Amino acid sequence: MEKAIICVDDEKIILDALKTQLKERYGDNYIYELAESGEEGLEILDELLSDDIKTIVIISDWLMPNMKGDEFLIKVHNKHPDIIKIMLSGQANMKAVDKAKKYARINKFINKPWKNEQLFDAIESNL
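In this text, residue positions in the sequence shown follow this note's numbering: the first is 197, and each later residue adds one.
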């Protein structure tokens, strides 16, 4: 079964940077999907599932229009509790982070700008 990593952020430059870093580290071991909103992230997750592709990691920003990252990750957790969930944000308040830890069971919160090794450690220590 193929495996995927989904990155969700409303800033295209962040998505491109994440994809580049992940691809450099993990090569063709995963499919890398990018979403510019929580809604799009949920659509991609459903599409991958219908194509029999297992999403193993979701990396999400917090501050996004319409649906914040904590809300998005809670929705993901309710349907797919086994997915590794990482919140990556420079603007999340501690209330939102605590909410994501409690209700989405996020595996890690990382402040932007992030260090590559910090991101890779969060992924690899939960695989």
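Even glycine gets a Cβ: it sits at the ideal position worked out from N, Cα and C.
All of these numbers come straight from a predicted model, not from anything done at the bench.
With 16 other Cβ atoms within 10 Å as the buried cut-off, status of residue i
i           : result
residue 281 : buried
residue 218 : buried
residue 264 : buried
residue 257 : buried
residue 323 : exposed
residue 197 : exposed
residue 209 : exposed
residue 285 : buried
residue 205 : buried
residue 247 : exposed
residue 283 : buried
residue 266 : buried
For residue j and residue i, the rounded distance between their alpha carbons
i           : j           : result
residue 229 : residue 203 : 6 Å
residue 261 : residue 252 : 25 Å
residue 244 : residue 276 : 13 Å
residue 278 : residue 199 : 13 Å
residue 232 : residue 212 : 11 Å
residue 207 : residue 242 : 22 Å
residue 223 : residue 201 : 12 Å
residue 288 : residue 259 : 7 Å
One or two residues paired with residue i in a DSSP bridge
i           : result
residue 307 : 285
residue 229 : 202
residue 256 : 204, 283
residue 291 : Its beta-bridge partners do not exist; DSSP assigns none.
residue 264 : DSSP output for residue 264 lists no bridge partner at all.
residue 250 : 199
Cβ of residue i within 8 Å of any chain B Cβ
i           : result
residue 211 : No chain B appears in this structure, which consists of one protein chain only.
Cβ distance (whole Å) where residue i is taken to contact residue j below 8 Å
i           : j           : result
residue 269 : residue 302 : 6 Å
residue 300 : residue 272 : 7 Å
query = Whole alpha helix (DSSP H) runs in the stretch 199-225 with 4 or more residues, listed along the chain?
reply = 208-222
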